[in-house]
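Here's the structure, in structure tokens; my notes come after.
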Amino acid sequence: MLWFTMILFKASLQKVSLWLKQVETGNLTWFLKLNELFSGKCLSEDLKRKTIAHFTSLKDEFFRYFPDVEPQNPICKLVRNPFLVNIENLPRDLQEEAIE
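With numbering that gives the first Met the number 0, the residue at position 87 of the sequence shown is 86, and numbering never jumps.
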């Protein structure tokens, strides 16, 4: 279950990161209504700044709701590749299980 959650989390985070980059460059392809509205026009700096702030906040919220899914979390590293995890960095209750 944790592995599946990590995959969904990572995919969502990658989408938000992609959207951020696209908004920064004025590419509204993924935002159909905005794309129609601003077709042939420049996105205002104010709207761009607000949209970037919104997506940045969304990324922060992902990590707030799913703190255990951060890539540097030792448990996530254990799930991804158990052979590369330093056992000493895991919580005590998982150290013996990880060795087995």
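We put the CB at the ideal spot given by N, CA and C, even for glycine.
Buried or exposed by the 16-neighbour rule on C-beta atoms within 10 Å, applied to F62: So F62 counts as exposed.
contact_flag[the segment 34-52, the segment 91-99] where n(CB pairs < 8 Å) is 3 or more: no
What are the start and end residues of the alpha helix (DSSP H) that includes L42? Segment: none, L42 is in no alpha helix (DSSP H) and carries neither H nor E.
Out of D92, P73 and P90, which one is the CA nearest neighbour of V84? P73
DSSP three-state label for P90, please. coil
Pull up the CB-CB distance for F54 and W18, whole angstroms please, since I reckon it's below 8 Å. Correct: roughly 6 Å between the Cβ atoms.
Presumed contact (8 Å Cβ cut-off) between N34 and L42, rounded CB distance: Incorrect: roughly 10 Å between the Cβ atoms, too far for contact.
Going by the CB atoms, is the gap between K58 and L12 shorter than 8 Å? yes
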